[in-house]
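Listed in order, the protein sequences are those of chains A and B. For the first sequence, the working numbering begins at 9 and goes up steadily by one. For the second sequence, the working numbering begins at 13 and goes up steadily by one. Cβ atoms here follow ideal geometry from the backbone N, Cα and C, with glycine treated the same way. Bear in mind that the values here come from a model prediction, so they are computed numbers and not experimental data. Everything on this sheet refers to the single structure shown next.
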Amino acid sequence: MSEGLVRTGAPALAAGRAGGLLRRQWPWLATLAFALIVPWFSFDWTTGRHSGFIVSMLSQIGIMIIFALSYNMLMGQAGLLSFGHAVFLGLGGYTTAHVVNAAKSGTLPIPLELTPLVGGLGGLAFALALGYFATKQRATAFAMITLGIGELVTSCALMFQTFFGGEGGVSTNRMTGHSLFGLGYAPPIQVYYLIVGWTAISVALMLLLTRTPLGRMANACRDNFERAQFVGYDPRMVRFFQFALSGFFAGIAGALYTLTYEIVTYDTVAGALSANALLMTYIGGVGVFAGPVVGAVLIVLLQSWVSLLSNSWLVYAGVLFILMVTFAPGGLAGLVLMHQPIWRAGRLGRLAGPYLRLVVPALLVVVGFVLVIELCSFLTIGAAQGKSFTLSHVTIDPRTAGPWAAAAVLLAGGGVWLRYAIGGFGAAWARVTEEIKATGMRA
Amino acid sequence: MTAAALRIADVQKSFGPTPVITGVSLDVTAGSRHAIIGPNGAGKTTLFNLISGRFPVTAGTIELHGRRIDGLPPHEITRRGLSRSFQVTSIFARMTVFENIRCGLLWSRGYRYSFWHLLARERELNQAADWLLSDVNLESRRDVPAGLLSYAEQRALEIGITIAGGADTILLDEPTAGMSRTEADHAVALIRRITAGKTLVMVEHDMSVVFDLADVVTVLVYGQIIASGPPGEIRTNRAVQEAYLGVGAA
């Protein structure tokens, strides 16, 4: 990390900064550029329309990126496990719905582009109030309090009709006629670009936050909260401010949710969405800033694509979560980072062969597992829905023994083979790291 | 008589029914180097925990520069200029050595809970952290995660974090524990250098370190002070020899 900054005159400095930004942050800038053009891949030139499915999915990815990153401000950066993070997304969403309705009726002519800021402030306000209690404790007690807050707010959402609208939620209409750019926001693609803008701003701000005194002390309290006290910091206040700011960003995500779906219901504050934050963040990787971004993209893709194909997408998400927690606690980002020293030493190629040898047995296991899950699913839910299990025009009957036997053979055979292959891979990995260590010693 | 930086008066501490400190009164002169010695279980570390606010006192008062500090939380005491190290190394393991030191500097430099300063741009702060880093001879390990340092390096980092905040009263809990002779000698030189002009209280088992560094030695046995005075006096004190130095038969 280059902490020091050499002063070489203002223009040179400015140019250096711009160049440095491009050099250091190119993955982010490339992602942003991709986000800007990706809806056009699904543009239908004959009808002149974007695919509604794709735009909706991309919008959701943007919202969930902010949500997961804000969750990681607690989990990864401050070491706080929250089970109630959706509360701040939801409350930000409700706040936004009311503000958009007020804008529509003309009482509060706020441009639609700025309503996410209002949602963020809503999330911040509630995070200040609820965080006051939650951050009194850390570790398990903190987790329990956030679980309680989640349940509390969910039941409030059904009780207080004026703010939460009861079970029906609060509907809104984003076409308020107030826009900074004169946009109507009728087509979802316009909302998508608004989401891209706010996601970029939020990601940048959250990244910068990690480099501030508060961000660093959050890390310090995570590593050793007692020591933090003896350098003059009250860990409780560190938790409190971190919690409040995390609520702010969750609120922005909630506002964008409201603008996308034009309705907010109690689902947005409920436990399932909080669990989703945990899932995305953990699968992506808590130890790396960009980890939750990867997790958010993956989980939304799973949710959108796999739920089209299968009733059991949650099973797959759950199994993925368990596998990650067990075998790769650093998440996907952590897995990638593990390869960094090998890549630096220019020996990544040495792992290509061992990796290739994993592919076939892993595929066998995956296919066998999916087959078992789908057979179960078609035997129960599928049957109730009157669906039949078709695989490239071949209908599979889950009440016959054949497919079950095939699945068992795939799972068992693939499993044994995979175990063997993993052993070989482990040995290859150890050899390469040993070599790097040895050359490091010599140098 | 010079002013006491730290004044401990009739301090008692019990854990449940078990008394650990049964009445300790001690004045530490400003600018002196004060060693607390005593057999295992005498209550030395407990006394440190009471002074630094880690545990509340059961009875008695503790004053820092004439102001009561007993009953205050640790961060308040630290902000008033009393800083401590730990017997079992206590650092921020996943952060780099440089960041560990910088965390020690933040509060005293007025950054508080700021989320609007970008640390990379705070030149004076970073420079100060780098100076401290060279003070404790860890420049070459600057960007290594603290958890990966060797034991002696971690002890040096521990001292670095402790002195970073510019405290004028410093409590070091067994700074040379577990070190080889050479490492301990380095540590003593380091402690001597960085505590110049400050008040130092340290718990130490290594007698050569104690007699080398301390102006005053206090002997704590079973939660009570049995002797306190210049090293030469303590060395020849009969009660101390019997109770602690293990030459009771002589």
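- Close to Thr143/A, with beta-carbon spacing below 7 Å, lies no residue of chain B; the smallest spacing is near 12 Å.
- A contact between stretches requires three or more CB pairs, one per stretch, nearer than 8 Å, and the segment 50-58 of chain B fails this requirement with the segment 77-86 of chain B.
- Beta-carbon to beta-carbon, Thr334/A and Gly98/A are separated by about 31 Å, too far to satisfy the 8 Å threshold.
- In the structure shown, Val323/A falls within a helical segment according to DSSP collapsed to helix, strand and coil.
- Listed along the chain, the chain B residues whose CB falls inside 8 Å of the CB of Tyr290/A amount to none; the nearest CB is some 17 Å away.
- Residue state for Gly241/B is assigned as strand, using DSSP reduced to three classes.
- Counting C-beta pairs with one atom in each stretch, the segment 245-258 of chain A and the segment 221-229 of chain A have three or more that are closer than 8 Å, which means they touch.
- According to the DSSP assignment, Ala189/B belongs to no alpha helix (DSSP H), since it is labelled neither H nor E.
- Judged by DSSP secondary structure, Ser26/B falls within the beta strand (DSSP E) whose first and last residues are 16-27.
- In the DSSP assignment, Ser385/A falls within the unbroken alpha helix (DSSP H) covering 360-385.
- The continuous beta strand (DSSP E) containing Thr30/B extends over residues 30-41.
- With respect to the 8 Å criterion, Leu125/A and Tyr193/A are not classified as neighbours on the basis of their beta carbons.
- At least one CB of chain B lies nearer than 8 Å to the CB of Gln237/A.
- The segment 143-156 of chain B and the segment 92-107 of chain B do not touch, with fewer than 3 CB-CB distances between them shorter than 8 Å.
- If you compare the alpha carbons of Thr123/A, Ser282/A, Phe91/A with that of Thr148/A, the shortest gap goes to Phe91/A.
- Closest in C-alpha terms to Met288/A, from the list Ser179/A, Ala94/A, Ser50/A, comes Ala94/A.
- A distance below 7 Å between beta-carbons, with the five flanking residues on each side excluded, links Trp206/A to the following residues of its chain, in chain order: Pro124, Ile260, Leu264.
- Under the Cβ distance rule, Gly116/B counts among the residues neighbouring chain A, one pair being separated by less than 8 Å.
- Using a Cβ-Cβ cut-off of 8 Å, Pro221/A counts as an interface residue toward chain B, since at least one Cβ of chain B sits closer than that to its own.
- Contacts between His217/B and chain A, judged by CB atoms closer than 7 Å, are missing: the closest CB pair is about 22 Å apart.
- In the three-state reduction of the DSSP assignment, Asp52/A falls in the strand class, which pools E and B.
- Under the 8 Å criterion on CB atoms, Leu253/A is classed as interfacial with respect to chain B.
- The secondary-structure analysis by DSSP pairs Ser179/A across a beta bridge with Ile271/A.
- Taking one beta carbon from each stretch, the segment 233-245 of chain B and the segment 30-43 of chain B have 3 or more pairs nearer than 8 Å; the two touch.
- If you ignore the 5 residues before and after Phe60/B, its C-beta comes within less than 7 Å of the C-beta of Arg96, Leu183, Asp185, Val215, all in its own chain and listed in chain order.
- Contact between Ile291/A and Gly339/A is confirmed by a C-beta separation of about 6 Å, below the 8 Å threshold.
- Under the three-state reduction of DSSP output, Gln99/B falls in the coil class, being neither helix nor strand.
- In this structure the segment 415-434 of chain A touches the segment 369-382 of chain A; the number of beta carbon pairs closer than 8 Å is three or more.
- It is roughly 12 Å from the alpha-carbon of Phe49/A to the alpha-carbon of Gly60/A.
- For Leu129/A, none of the residues of chain B pass the 7 Å Cβ criterion, the least Cβ distance being about 16 Å.
- Under the 10 Å beta carbon count, Tyr428/A is surrounded by fewer than 16 other beta carbons and is classified as exposed.
- Excluding its 5 nearest sequence neighbours in each direction, Phe189/A has C-beta neighbours in its own chain below 8 Å: Glu121, listed in chain order.
- Interface criterion met: the Cβ of Trp128/B is under 8 Å from a Cβ in chain A.
- Annotation for Ala283/A: the continuous alpha helix (DSSP H) segment containing it runs 279-292.
- Contact annotation: the segment 354-367 of chain A touches the segment 430-438 of chain A, with at least three C-beta pairs closer than 8 Å.
- Listed along chain B is no residue with a C-beta nearer than 8 Å to that of Arg31/A; the closest approach is about 15 Å.
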